[in-house]
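Engineer: Pasting in a structure now, in structure tokens, and then I'll have a few things to ask.
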Amino acid sequence: MTMAENKAHIIIIDGASGTGKKTLCFELALVLLYNQQKTALVLSDDSPLRQTLELRKARFPELPLPTVLSRKDFSEKAGNYNAVIIPASASDELAAGAETFITLLPKNKRASSRFKQDVMYINNLWELKKKIASGYSRSLNWVVCENNLTDKNADEPSAELFQAAKMYGFRLCPPLNRRKAYLTNNRGLSAQDKTATPLKDSLTYDDICAKREIIKLAEFIFS
3 MTMAENKAHI IIIDGASGTG KKTLCFELAL VLLYNQQKTA LVLSDDSPLR
53 QTLELRKARF PELPLPTVLS RKDFSEKAGN YNAVIIPASA SDELAAGAET
103 FITLLPKNKR ASSRFKQDVM YINNLWELKK KIASGYSRSL NWVVCENNLT
153 DKNADEPSAE LFQAAKMYGF RLCPPLNRRK AYLTNNRGLS AQDKTATPLK
203 DSLTYDDICA KREIIKLAEF IFS
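Sequential numbering of the sequence shown, starting at 3, is according to the working numbering.
As structure tokens, this is what we get:
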């Protein structure tokens, strides 16, 4: 994956409560770090991810760790990083400088019809795209990712989302699937860590699959 030098690639990760937004922020930050990209997360003071990262630092000091930025020092320090990941909504003021906006959805029929039902969400994204086009003379890379929480793995997005993508102009990436590896992030471990010493002995096939999924998502974002 390639990024512009001396300029942060701003990634917004949006999703309703319970869709896996914090997990994706954590996992994506780590896969970028393992690919030698200097990466930061913009987190509120009470974000559970702050506790996760502190736990990671204490338990696994040899593993890479993303920098945590506050909203206050974002504008001053964001340029020091290759990528900055922000869990935020479309109306958030920090989204105006984004290169990539990820909408994370649970994989079900109700979620697939969200864009038909939630006109305000579509309008907010449209206004954000216009703001970025006028202010930065570039288009916003709007990506929709399904988080498949069922017991049946999915390699392709749902047919309903394929239709919505044509109508609303977003890109569809391969879905994420229910993986035990993702559940370890609250202990400070990402799906990318199990191939690193001294964790290789605990590597499972599930870990390999989770690692490939996040790498595939990162490659999709920067393709």
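Even glycine gets a Cβ: it sits at the ideal position worked out from N, Cα and C.
Please classify residue 195 as buried or exposed, where buried requires at least 16 neighbouring CB atoms within 10 angstroms.
Structural biologist: Residue 195 comes out buried.
Engineer: Could you please give me the residues that DSSP links to residue 88 through a beta bridge?
Structural biologist: According to DSSP, residue 88 bridges with 14.
Engineer: Would DSSP call residue 56 helix, strand or coil?
Structural biologist: Residue 56: helix per DSSP, three-state reduction.
Engineer: Check residue 41 in the structure and name its three-state DSSP category.
Structural biologist: Strand, per DSSP.
Engineer: Is residue 223 helix, strand or coil when you go by DSSP?
Structural biologist: Of the three classes helix, strand and coil, the one that applies to residue 223 here is helix, per DSSP.
Engineer: Give the range of the beta strand (DSSP E) segment to which residue 2 is assigned.
Structural biologist: The requested residue 2 does not occur in the structure, where the chain is confined to residues 3 to 225.
Engineer: Output the residue ranges of the beta strand (DSSP E) runs that lie fully inside the segment 124-192 and measure 3 residues or longer, sorted by chain position.
Structural biologist: Taking only runs of at least 3 residues, the beta strand (DSSP E) segments lying wholly in the segment 124-192 are 143-150.
Engineer: Apart from the five residues on each side of it in sequence, which residues of its chain come closer than 8 angstroms, Cβ to Cβ, to residue 96?
Structural biologist: Counting only Cβ-Cβ distances below 8 angstroms, and skipping sequence neighbours, we find 12, 14, 44, 73, 76, 88 and 90.
Engineer: Got a sec? Which residues, its chain only, sit under 8 angstroms from residue 61 by beta carbon, not counting five neighbours each side?
Structural biologist: If we look at residue 61 and ignore the five residues flanking it on each side, its Cβ neighbours are 189 and 190.
Engineer: According to DSSP, what are the bridge partners of residue 70?
Structural biologist: Answer is 43.
Engineer: Helix, strand or coil for residue 115 per DSSP?
Structural biologist: Residue 115: coil per DSSP, three-state reduction.
Engineer: I think residue 66 touches residue 36, with their Cβ atoms under 8 angstroms apart; what is that distance to the nearest whole Å?
Structural biologist: Correct: roughly 7 angstroms between the Cβ atoms.
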